[in-house]
Amino acid sequence: MLDPAYFSAAQIFGYVAFACGVACFAQTDDRRFKVFMALECFAYVLHFWLLGQPTAVASSLVSLGRSLASLRSRSPWVGLGFIGLSVGLGLWLQQGWLSLLPIAASCIGTTALFFLSGLRMRLLMLLGTLLWLVNNLAVGSVGGSLLEATIALTNSWTLWRLWRRPPEAAQAT
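The numbering used here puts the first residue of the sequence shown at 8, with every later residue one more than the last.
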């Protein structure tokens, strides 16, 4: 019999984040990638809030803001502002080494979204995904753990597809 905790409100939002995250990392178009990432981050905010994980909430809020901002700007100053915000909130809210993983992932994701594109952006996002996976396994996030494991696989598949593209097609994304 399935544990009822798998269907708690917190876990339901984790499953919503899962669906948005898979859609996000299946995208080869950078703009659609960022829109789905914003939706994933919003679901993550609710998920981690209900799980009582303040640094993960803060990191997800910053990630939501940076995903939306990266749709309009690729300014290094905006990216650096989001990295500073992540570090500041992380230092303020951190509760041990584990709570630093979402902050590190957020900084890595911000670097990827504001300073990179295409294949390189997704490679760095893969590193952030692996940090989120460790965090989610440690805090008992069922949907989040499934999300990050699936994102790692989906992103790896998309990376392979982008790597195999002819150079002129890769420039179009």
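The beta-carbon is built from N, C-alpha and C at its ideal position, and this holds for glycine as well.
C-beta atoms of residue i and residue j nearer than 8 Å
{"i": "Leu133", "j": "Ala111", "result": "no"}
{"i": "Lys41", "j": "Ser77", "result": "yes"}
{"i": "Val69", "j": "Phe121", "result": "no"}
{"i": "His54", "j": "Ser113", "result": "no"}
{"i": "Thr62", "j": "Gln101", "result": "yes"}
{"i": "Ser7", "j": "Thr117", "result": "The structure shown does not extend to residue 7, since the chain is modelled only from 8 to 180, so the question has no answer here."}
{"i": "Leu71", "j": "Val52", "result": "yes"}
{"i": "Leu130", "j": "Ile115", "result": "no"}
{"i": "Leu166", "j": "Leu108", "result": "no"}
Helix, strand or coil at residue i [DSSP, three-state]
{"i": "Arg172", "result": "coil"}
{"i": "Thr118", "result": "helix"}
{"i": "Leu123", "result": "coil"}
{"i": "Ser148", "result": "coil"}
{"i": "Phe106", "result": "Just to set this straight, residue 106 is Ser in the shown sequence, not Phe. Of the three classes helix, strand and coil, the one that applies to Ser106 here is helix, per DSSP."}
{"i": "Ser163", "result": "helix"}
{"i": "Ser15", "result": "coil"}
Span separating the alpha-carbon of residue i from that of residue j
{"i": "Phe32", "j": "Ile158", "result": "6 Å"}
{"i": "Trp104", "j": "Ala145", "result": "11 Å"}
{"i": "Thr136", "j": "Glu155", "result": "6 Å"}
{"i": "Ile19", "j": "Ser124", "result": "31 Å"}
{"i": "Arg171", "j": "Leu153", "result": "27 Å"}
{"i": "Glu47", "j": "Arg168", "result": "23 Å"}
{"i": "Met128", "j": "Phe14", "result": "34 Å"}
{"i": "Asp10", "j": "Phe25", "result": "19 Å"}
{"i": "Asn50", "j": "Gly21", "result": "Checking the displayed sequence, the identity of residue 50 turns out to be Ala instead of Asn. Near 7 Å, if we compare the C-alpha coordinates of Gly21 and Ala50."}
{"i": "Leu58", "j": "Ala17", "result": "6 Å"}
{"i": "Gly91", "j": "Ser106", "result": "17 Å"}
{"i": "Ala45", "j": "Ala65", "result": "14 Å"}
{"i": "Leu160", "j": "Asp36", "result": "18 Å"}
{"i": "Trp56", "j": "Trp164", "result": "31 Å"}
beta-carbon residue i near the ligand NAD non-hydrogen atom, thresh 7 Å
{"i": "Ala26", "result": "Among the ligands in the structure shown, none appear at all, so the ligand NAD cannot be discussed."}
Q.
Assess contact between the segment 92-104 and the segment 139-151, defined as three or more Cβ pairs (one per stretch) separated by less than 8 Å. Is contact present?
A. no
Q. Unbroken alpha helix (DSSP H) runs of length 4 or more, entirely within the segment 33-103: which are they?
A. 37-58, 61-79, 83-100
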